[in-house]
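Worksheet: one structure, shown below.
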Amino acid sequence: MARRLPPSPLTSFLFVTIVAYLMIAAFVLLIDRVGGDPGVGWHLKTGEVILSTGEIPTTDPFLFDASALSGNDPSRWISNQWLSDAILFAIYDRFSWLGVHIFCFLVGFGAYFFVFARSALDSSKPIVSQNIAFALAVLCGSLHWISRPVVFSLLGFAITDALLRSHRNGQISNLKLGAYLIPLFALWANLHPAFTLGLVLLGLYAVAKTWECAPNVVKASSCWVALLVAVLA
Numbered sequence: 600m601a602r603r604l605p606p607s608p609l610t611s612f613l614f615v616t617i618v619a620y621l622m623i624a625a626f627v628l629l630i631d632r633v634g635g636d637p638g639v640g641w642h643l644k645t646g647e648v649i650l651s652t653g654e655i656p657t658t659d660p661f662l663f664d665a666s667a668l669s670g671n672d673p674s675r676w677i678s679n680q681w682l683s684d685a686i687l688f689a690i691y692d693r694f695s696w697l698g699v700h701i702f703c704f705l706v707g708f709g710a711y712f713f714v715f716a717r718s719a720l721d722s723s724k725p726i727v728s729q730n731i732a733f734a735l736a737v738l739c740g741s742l743h744w745i746s747r748p749v750v751f752s753l754l755g756f757a758i759t760d761a762l763l764r765s766h767r768n769g770q771i772s773n774l775k776l777g778a779y780l781i782p783l784f785a786l787w788a789n790l791h792p793a794f795t796l797g798l799v800l801l802g803l804y805a806v807a808k809t810w811e812c813a814p815n816v817v818k819a820s821s822c823w824v825a826l827l828v829a830v831l832a
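Residue numbering for the sequence shown follows my numbering, starting at 600 and increasing by one per position.
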C-alpha cells in the first residue's frame with residue numbers, strides 16, 4: 600500500500616495569504632464608494648443622538664410628525680443596534696468616512712481569518728476540502744463587507760465558534776465556556792440583532808454533543824433496565 604503523505608501546511612498558508620490579498624484589494628477598490636450607502640448615514644445619525652443625549656431612543660426620531668401619532672403608536676422603536684451606532688458615530692466624528700470604512704473592514708477581516716483561516720491551516724484535515732470551505736465562506740460573507748453594524752455579528756459569530764472549538768478540544772472547561780459566552784452575548788445583543796445566529800450555533804453544538812453521548816446513555820439505560828428486570832423476576 601502506498602504511503603500517504605501528510606497534508607502540507609504551506610499549501611494552505613499560501614491559499615489563505617492569497618485570499619487575504621484579494622480581500623484587501625476589494626477594500627481598496629471600494630474606497631471611492633465610502634459614504635455612498637444611505638443606511639450608514641441612518642446609523643451614524645442614531646449614534647449621534649445617543650451620544651449627544653446620553654440616552655437610548657425609544658421612539659423613532661426620523662418619522663414625520665411622530666408626536667402627532669396616537670393609539671398604537673408606530674413611532675415606538677427598539678434601537679437594537681444602539682451600541683454599534685454609537686461606536687460608528689464616535690469613529691466617524693473623529694476620523695470621518697474613511698475611518699468608519701477602515702474600522703468595519705478590519706472587524707470583518709479579523710472575524711473571517713479568526714475562524715476560517717485557522718481551520719484552513721489545520722494540517723490534520725484534507726487541504727482541498729478546507730480551502731474550498733474557506734473560499735466559500737469568504738465569498739458568501741462578502742455580501743456583508745459593508746460599513747454597517749452587521750460586521751459586529753461576523754465577529755461575534757467568529758468568537759463563538761472559536762470558543763466552542765476550544766471547548767470541544769478540551770482546552771476550556773464548561774465553567775469557563777459559560778463565563779466567556781455570557782458577557783459575549785450580553786454585548787452582542789446590543790450591537791446587532793443577528794446574535795440569534797450565535798444562539799443557533801450554540802443549539803447545534805449542544806445537539807451534537809448530546810448525539811455523541813447518546814450511545815453511552817443508551818448503553819447505561821439498557822444496563823439499568825436489564826438489572827431492574829432481573830431483580831423483579
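We put the CB at the ideal spot given by N, CA and C, even for glycine. Everything numeric in this text was worked out from a predicted model, so none of it was measured.
Take residue i and list the residues in its own chain whose beta-carbon comes closer than 8 Å to its own, dropping the five residues that flank it on each side.
i, result
"proline 748", "His642, Gln680, Ser683, Asp684, Leu687, Leu790 and His791"
"isoleucine 771", "Leu762, Ser765 and Tyr779"
"phenylalanine 794", "Ser752, Gly755, Phe784, Trp787 and Ala788"
Is residue i helix, strand or coil by DSSP?
i, result
"phenylalanine 809", "One point to set straight first is that residue 809 is threonine, not phenylalanine, in the sequence displayed. Helix, per DSSP."
"threonine 795", "helix"
"threonine 657", "coil"
"arginine 764", "helix"
"arginine 693", "helix"
"threonine 616", "helix"
Which residues in the same chain as residue i place their Cβ atom closer than 7 Å to its Cβ, once the five residues preceding and following it in sequence are excluded?
i, result
"histidine 766", "Leu776"
"valine 714", "Ala757, Asp760 and Ala761"
"tyrosine 804", "Leu763"
"tryptophan 676", "Pro656, Thr657, Thr658 and Asp659"
"tyrosine 691", "Leu643, Gly698 and Val699"
"phenylalanine 708", "Met622"
"phenylalanine 626", "Phe704"
Name the residue from the options whose alpha carbon lies nearest to the alpha carbon of residue i.
i, options, result
"alanine 807", "Ala785, Leu763, Ile745 and Arg693", "Leu763"
"glycine 638", "Leu650, Ser746 and Ser651", "Ser746"
What distance in whole Å lies between the Cβ atoms of residue j and residue i, which are believed to be in contact at a cut-off of 8 Å?
i, j, result
"proline 660", "serine 678", "Wrong, their Cβ atoms sit about 10 Å apart, outside the cutoff."
"phenylalanine 712", "alanine 624", "Not a contact, Cβ separation roughly 15 Å."
"glycine 573", "glycine 755", "Any question about residue 573 goes unanswered here, given that the chain covers just 600 to 832."
(request) Mind the definition here: the stretch 689-707 touches the stretch 749-765 only if three or more C-beta pairs lie below 8 Å; say whether that holds. (result) yes
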